[in-house]
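Visitor: Submitted below is the structure of interest, expressed as structure tokens.
Protein chains: 2
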Amino acid sequence: MSYGRVDGSVSKTRVCIFAIVLMSIGICIGILLGYLIGYSVHSESTNESCGAACNEPDDDISKRLMSSMNTANIRHYLSVLTENPHLAGTSADKYTAEYIQSTWLEQGFDSADIHSYDVLLSYPDEDNPNLVQILNDDDTVNYTCSDMEESLRPEDEHPEMVKQFNAYSAAKMAKGDLVYVNYARVSDFDTLESVAPHVNLTGKILIARYGRLFRGNKVLNAQNRGAIGMILYSDPADYGSNDDNAKEYPDDWWLPGTGAQRGNLHVSDYKGDVLTPGYPANSYMVRIDEEDSPLPDIPVQPIGYDDALIFLRELGGDIAPESWQGGLNISYRIGPGFTNPNRSVQMDIHTSRERRLTYNTIGFIRGQVEPDRYVIVGNHHDAWIYGSVDPSSGTASMLEISNAFGLLLKDGWRPRRSIIFCSWGAEEYGLIGSTEWVEEFVKNLGARSIAYLNVDQSVNGDWYMRAKASPLLFQAIFSAAKKVDDPSDPSKSVYDVWLERNPDFLNPVPYVSNLGSGSDFAPFMYRIGVPGADIRYTYSRSLGISSYPAYHSAYETLYLMETYIDPGFKYHLAVSRVWAELTRDIAEAIIIPFNCNDYTSRLVESIDKLKKDYETDMAQHGITFSDIDSAMINFTNAARDLHVRIDGMIKNDAMAIRAVNDQLMNVERAFIDPLGLPDRKFLRHIVFAPSSTNSYSSATFPGIVDAMFKIDEDSDQDGRWKVVEEQMSVAAFTIQSASTTMADYQM
Amino acid sequence: MSYGRVDGSVSKTRVCIFAIVLMSIGICIGILLGYLIGYSVHSESTNESCGAACNEPDDDISKRLMSSMNTANIRHYLSVLTENPHLAGTSADKYTAEYIQSTWLEQGFDSADIHSYDVLLSYPDEDNPNLVQILNDDDTVNYTCSDMEESLRPEDEHPEMVKQFNAYSAAKMAKGDLVYVNYARVSDFDTLESVAPHVNLTGKILIARYGRLFRGNKVLNAQNRGAIGMILYSDPADYGSNDDNAKEYPDDWWLPGTGAQRGNLHVSDYKGDVLTPGYPANSYMVRIDEEDSPLPDIPVQPIGYDDALIFLRELGGDIAPESWQGGLNISYRIGPGFTNPNRSVQMDIHTSRERRLTYNTIGFIRGQVEPDRYVIVGNHHDAWIYGSVDPSSGTASMLEISNAFGLLLKDGWRPRRSIIFCSWGAEEYGLIGSTEWVEEFVKNLGARSIAYLNVDQSVNGDWYMRAKASPLLFQAIFSAAKKVDDPSDPSKSVYDVWLERNPDFLNPVPYVSNLGSGSDFAPFMYRIGVPGADIRYTYSRSLGISSYPAYHSAYETLYLMETYIDPGFKYHLAVSRVWAELTRDIAEAIIIPFNCNDYTSRLVESIDKLKKDYETDMAQHGITFSDIDSAMINFTNAARDLHVRIDGMIKNDAMAIRAVNDQLMNVERAFIDPLGLPDRKFLRHIVFAPSSTNSYSSATFPGIVDAMFKIDEDSDQDGRWKVVEEQMSVAAFTIQSASTTMADYQM
């Protein structure tokens, strides 16, 4: 090798070597840079080897969802829905289901199908009116109650108006003396026994006021005590104003004297179709015999308070206790019988039971990342007549939120998880449409549903948004309610007003009730452990009424809603926004927004109440809360640790995300015992159930509460205390079992 | 800028520019290369934005797993396990559980814990022997049966040898005439009634031979017919050879005349601890009263055929039917009573029932990608005495496969999913350890378990590997069996020999039986719908024996195993390899290796059998198979479509993989009805169940079969046919429901 001159120049060979070295260094640096760029570009686009499964939801979607909704649309939907009576099992039921189906398809849903079920419904006989009469001693008729509200606005009239009746009443005649039994609660019968022990209810017709208790339980209580018929009426004390100057519909929202509350009388643990307990009412399913069903054996009929006054003012016997005195301007007496001994009461009820089809509409928005995870939104569409509050206010809200989701879909958005919209048939007959659907698709819904978000009535007042929910959903509901302006004061959120007007006295948050029964969340929550919620804007408890006055009457019209309850539909819009945002949040959040610590708190509160009520009594029988307390320590720690783990997660592993979401999904399911509650096998949730004495309200630890109910009066003391002991064990086991679902996966 | 000379040299400036240009080009090329490398390296390692969740299993692991196992280890484990009697509830039970725990920890498991349960067990009384005697007319003892096998090898002796007894026998005395009832099946009692209608069983002591029927059902049949005691013995026809020159233990494997089969008598739908149905036998769980448990009310005791001969040869009455004649060299007669009328039989049984602890060992290997998905491997460790076949051959296999997995773990491998190894206590008392564990962790196991892979006895013969399994597992078992050389002929696989010797006559594959009960897969399969399998190497059916001869006797020793059943432990190794490979495959495969089309086939076969047995009879009552057939069309299509979808999947989306695996996991669960079978609420699988007349064997569509059982003899014809109709509906619904779980996620 030769070297060239060195004075300011290099040889060709050296130049080549130099060039190669330089180029090589350049390439090496480049490779390093390029690798890093390539790696990081790739990582950015795929979220650390995870892809769309790790993408945070887009904040903008929430804003667009809520801003796209408006009151005009809601008013429009409500006007369509309340145009005709649309009772379950009628052509109007089918028409409504089809209207909702076509609406959803137009709005851009992936599918909207109608699922029909062949179920036992009940109707007044068009040709034979239900008669509730006062007879003279020669059996001539002294007085006959009306079976239809007086028409007070010509626009409210309709040829398909549904007469006053109680669904599933026995079609029977009954004649006897009348006894007034207040609300016909167990406690009322206890009172009756103590203040008027001589009154024998066997063979009597009972008159009770509506309120405080599901009407079916009133009838069951009457039937169990030997009554042969029951008349239900709406007392002004429960459905009217305290203000003497208050006006009635159509001049205000108060119930006129001919308004009667329709409603079903099905009391059982299974709800749904009475003939197909536990299974869907499809063509291939065998029906139980109607005689084996839990329907009442006695005739029952609802009347207005104008008619009730005729009966009650003639009643003889002792003056009823102070707390039994209602709002009619008389002294309420107990009976039995009228002051005029020649008069008696006769019921001639022709309400028939018939197998008919009812219709659910099921709309589907397919999730992009997890199509097999469902957030379910539901409301029923069947109404006793127009149902402007119940359920059409809810249906109008639902159609507006489906429209808002549809607009996003049309813009190319798709939720992470699937959203299912459900419009139920025959809810009014005992949660039939929802229960049958849950029964038919129990395996898929049980495995895939994250939450069921119900609105039955969207708006029945303007005081605050009330919510009932599984504790898992409290925070998600709060979070949505904070994002929505309250109609009463735009400077405040729905959450703020709720907190002011209905605070939780134990925690610095608004109060959320436990779910009772009374709407379609029941089969989800109690049968398959899918956490449920139900929200509505409602009136103030200070009104002291049992429900909004026109409930289930012919006066529940669009006019009532837009004139008195929600003029301008602002409250509808607020509820719709909360509902939509709650749905979006659960469908979109990487980690399902459940809070298990709220379950801890609600469990602790419930157990504290049990202790307050029963601890002393139990201790005398050697039963303590120590196992439940010990399980609660585990539950508390497991819930807290799970959330610490979630908070610490680097969300870059799709399987890890799915796994922790599966854990969150299984918390509510962990409270489901396939053996069910004692004597109520279809109610499988060990912590929450509809009360066994009042389907409307909620019981916590129902197995224990029912076992302790009037335990002192049981002749089999050993047997009953054994049941208490068993139920305490089952509660401890179930809490412990639930705590294991939140722990790490190691077994 | 000046240019220097050009003759063979360049100026400094030009060199600099040249260098910069070269370097820049180099960097650019480098960046490009590096980017591509970085991108592709990343893509390779993360499988197109999916990561490890999309990685195919490494083929090499399967080879290393199987090659690392050897016969010497298995022999070693079996020798340790059979050193002492290790009956459930004794210190040896605990010692065995702890030995397994420490072995697993040494082998490298992530954890190994002991879970104990406080359960009702049963033992012979050390101080008061169980007496089965022939009395003279003055009540003096003419003959007393032995309650312990004769010692035939000094090495077999042990101070803790367990006497002959039937667990849960009533501790009672009974005296009466003897009646021989063959196997004590329902059909035997029917035969008895037809050939000897004068024989009244009330107040009699029955003697029955073991075999054909779970012993507990024999006792139940006896008790239901008024018998006051029962003697069970092993007839040479069922536990001996047809060859007159055949030798007995210790000279061959045949049962000597003093060998008696121990075993439990618990018959119920719930198995597990008799005092805690449905819930774990933990400290906090209330126990039912023993009187309310399903345990027998009569004394029962097993004897050897030497003793049985003494009784049977003296028996009077009619000659028993031909099919009742056993292998003793006498004419079997029915009785009642002996030919010498002055003699009677007396049983004085002191077998006691006691609450004791039993111990499960649970070992955990954490999955890398899906730690919350469990493949469960199980075998029980409790034995009546040494249990060299039942269960220690299985335990020895399990410890060798756990060792093989441990070696891989030490090399840095980890399965995709978690593997749980379970060594159960008190299986022999009625699947207690497994049932209690399933009950305690029902929520996690129900949500997370993919399959339960059981080996009770690894080897009890050398003819072929027999398998029982859910149809979902058939292909996975075949696939594993094809990978393992058969010990009888290394040119053939275990699969080949199995196919030759036990073919499925309807399909060109080896036969896989339905799961009956009889081992620990039962609570997984029937309670929570986790597909189960059970494999073993077994003897030829042509031997005509009811089980391997020494079953549950004191002769079930290591010597028996290594001298006669599996000298060299090659069959143990083959079963271990199939078991390990099956486990690895299910734990590793991206898509769970379940085949739903095999479920279709087995359902079709089962329905064809139902039709053959009942279609004509049902048709006369207006009941058809049309709904079931229609549901089967849907199931068939859904299963086929699911596999087409899976085959077409590009496996690059972790959530999509998880979703389809969730579907596969839910197929078996779809057959679980929380309401359970009629009168057997803890058996919840609608298609497969242990037969209600024989816990050992399997029934398909048990609800229908039981409803049709002797239907003509039922006095309530309408009621029974209504049950048939209901069960046909439930079957149609369940098949339809299962088909929906395999469809696309759209609702």
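Those protein sequences? They're chains A and B, same order as listed.
Per the working numbering, numbering through the first sequence is continuous, rising by one, with the last residue being 1905.
Per the working numbering, numbering through the second sequence is continuous, rising by one, with the last residue being 1905.
Ideal placement from N, C-alpha and C gives every residue a C-beta, glycine not left out.
Every value quoted in this text rests on a predicted model; they were computed, and no experiment measured them.
Which two residues bound the contiguous beta strand (DSSP E) that contains I1292 (chain A)?
Guide: It spans L1289 to L1293 - the beta strand (DSSP E) in which I1292 (chain A) sits, taken as one unbroken run.
Visitor: From the DSSP output, which residues share a beta bridge with I1365 (chain B)?
Guide: The partner list for I1365 (chain B) (beta bridge, DSSP) reads B:Y1338 and B:I1389.
Visitor: Which of helix, strand or coil does DSSP assign to L1470 (chain B)?
Guide: The answer is helix: DSSP assigns L1470 (chain B) an H, G or I state.
Visitor: I need the DSSP call for P1661 (chain A), collapsed to helix, strand or coil.
Guide: P1661 (chain A) falls in the strand class under three-state DSSP.
Visitor: May I have the straight-line CA-CA distance separating T1246 (chain A) from R1511 (chain A), to the nearest angstrom?
Guide: The question names Thr, yet the displayed sequence has Ala at residue 1246 (chain A). About 13 Å.
Visitor: Whole-angstrom Cβ separation of K1464 (chain A) and T1715 (chain A), contact assumed at under 8 Å?
Guide: It is Asp, not Lys, that sits at residue 1464 (chain A) in the sequence shown. Incorrect: roughly 20 Å between the Cβ atoms, too far for contact.
Visitor: Which complete beta strand (DSSP E) runs does the region 1608 to 1640 of chain B hold, if anything under 3 residues is left out?
Guide: Taking only runs of at least 3 residues, the beta strand (DSSP E) segments lying wholly in the region 1608 to 1640 of chain B are 1622 to 1627.
Visitor: Mapping the DSSP letters down to three states, classify K1376 (chain A) as helix, strand or coil.
Guide: Looking at K1376 (chain A) - three-state DSSP - the assignment turns out to be helix.
Visitor: Pull up the distance between the alpha-carbon of G1564 (chain B) and that of E1558 (chain B), whole angstroms please.
Guide: Rounded to whole angstroms, G1564 (chain B) to E1558 (chain B) spans 10 Å at the Cα level.
Visitor: Along chain B, which residues have their Cβ under 7 Å away from the Cβ of N1824 (chain A)?
Guide: Per Cβ cutoff of 7 Å: K1601 and A1605.
Visitor: Give me the Cα-Cα distance between S1352 (chain A) and Q1778 (chain A), rounded to the nearest whole angstrom.
Guide: Roughly 28 Å separates the two Cα atoms.
Visitor: Can you look up E1739 (chain B) in the DSSP assignment and give me helix, strand or coil?
Guide: In this structure, E1739 (chain B) counts as helix in the three-state DSSP scheme.
Visitor: What three-state label does DSSP hand S1201 (chain A) in the structure shown?
Guide: Low local confidence applies: a pLDDT of 41 at S1201 (chain A) is under 50, so the model's placement there is unreliable, with the coordinate-based value given in what follows. DSSP places S1201 (chain A) in helix when its eight states are reduced to three.
Visitor: Counting only beta-carbon atoms, is Y1903 (chain A) nearer than 8 Å to chain B?
Guide: Yes, Y1903 (chain A) counts as interfacial toward chain B.
Visitor: Is V1845 (chain B) closer than 8 Å to S1759 (chain B) when the C-beta atoms are compared?
Guide: No, Cβ-Cβ distance for S1759 (chain B) and V1845 (chain B) is not below 8 Å.
Visitor: Apply the 10 Å Cβ neighbour rule to E1449 (chain A) and answer buried if 16 or more other Cβ atoms are within range, or exposed otherwise.
Guide: E1449 (chain A) comes out exposed.
Visitor: Among B:A1901, B:E1826 and B:I1815, which residue has its Cα nearest to the Cα of E1214 (chain B)?
Guide: Ranking B:A1901, B:E1826 and B:I1815 by Cα distance to E1214 (chain B) puts B:I1815 first.
Visitor: Measure the C-alpha to C-alpha separation of V1888 (chain B) and M1900 (chain B) and round it to an integer number of angstroms.
Guide: Looking at the two C-alpha atoms, the distance is approximately 19 Å.
Visitor: For chain B, check one thing: does any of its Cβ atoms lie closer than 8 Å to the Cβ of E1202 (chain A)?
Guide: Interpretation of E1202 (chain A) is limited by its pLDDT of 40, a score under 50 that renders its predicted location unreliable; the figure taken from the coordinates is listed afterwards. No, its Cβ sits nowhere closer than 8 Å to a Cβ of chain B.
Visitor: Give the straight-line distance between the Cα atoms of F1347 (chain B) and R1370 (chain B), rounded to the nearest whole angstrom.
Guide: Approximately 14 Å between the Cα atoms of the pair.
Visitor: Taking the C-alpha atoms as reference points, what is the distance between V1547 (chain A) and T1553 (chain A)?
Guide: Roughly 9 Å between the two C-alpha positions.
Visitor: I need the DSSP call for M1224 (chain B), collapsed to helix, strand or coil.
Guide: Reduced to three states, the DSSP call for M1224 (chain B) is helix.
Visitor: Residues in the same chain with beta-carbon distance under 8 Å from T1229 (chain B), minus the five sequence neighbours each way, listed in chain order, please.
Guide: Closer than 8 Å at the Cβ level, and outside the excluded window around T1229 (chain B), lie G1726, F1727, K1728, H1730 and L1731.
Visitor: Using a beta-carbon distance cut-off of less than 8 Å, what residues from the region 1265 to 1284 of chain A approach chain B?
Guide: Cβ contacts with chain B come from D1268 and S1269.
Visitor: Is any beta-carbon of chain B found at less than 8 Å from that of T1758 (chain A)?
Guide: Taking Cβ atoms only, chain B never reaches closer than 8 Å to T1758 (chain A), which makes this a no.
Visitor: Would you call the region 1275 to 1291 of chain A and the region 1392 to 1402 of chain A touching, i.e. three or more CB-CB distances under 8 Å?
Guide: Cβ pair count under 8 Å is below three, so no.
Visitor: What is the rounded straight-line gap between the Cα of R1491 (chain B) and the Cα of A1478 (chain B)?
Guide: Computed Cα separation, rounded: 5 Å.
Visitor: Can you find at least 3 beta carbon pairs, one from the region 1789 to 1797 of chain A and one from the region 1653 to 1670 of chain A, that sit closer than 8 Å?
Guide: No, they do not touch.
Visitor: Do V1290 (chain B) and I1461 (chain B) have their CB atoms nearer than 8 Å?
Guide: A contact, by the Cβ cut-off of 8 Å.
Visitor: Under a three-way DSSP split, which group does I1748 (chain B) fall into?
Guide: I1748 (chain B): coil per DSSP, three-state reduction.
Visitor: Identify which residue in A:S1451, A:I1363 and A:V1533 has its Cα closest to the Cα of L1473 (chain A).
Guide: It is A:I1363.
Visitor: With distance defined between alpha-carbon atoms, name the residue in A:S1651, A:G1591, A:Y1772 and A:I1749 nearest to Y1428 (chain A).
Guide: Of the listed residues, the one whose Cα sits closest to Y1428 (chain A) is A:G1591.
Visitor: Throw me the rounded Cβ distance for the L1833 (chain B) and G1436 (chain A) pair, which I believe falls under 8 Å.
Guide: Yes, L1833 (chain B) and G1436 (chain A) are in contact; Cβ-Cβ is about 6 Å, under 8 Å.
Visitor: If you measure between the beta carbons of N1286 (chain B) and Q1459 (chain B), is that distance less than 8 Å?
Guide: Cβ distance not < 8 Å, so N1286 (chain B) and Q1459 (chain B) don't count as in contact.
Visitor: Could you tell me which uninterrupted beta strand (DSSP E) segments, each at least 3 residues in length, are contained entirely in the region 1798 to 1865 of chain B, listed from first to last along the chain?
Guide: As far as the region 1798 to 1865 of chain B is concerned, its whole beta strand (DSSP E) runs of at least 3 residues are 1846 to 1848 and 1856 to 1858.
Visitor: Could you tell me the alpha carbon to alpha carbon distance between H1710 (chain B) and F1323 (chain B), rounded to whole angstroms?
Guide: Approximately 11 Å between the Cα atoms of the pair.
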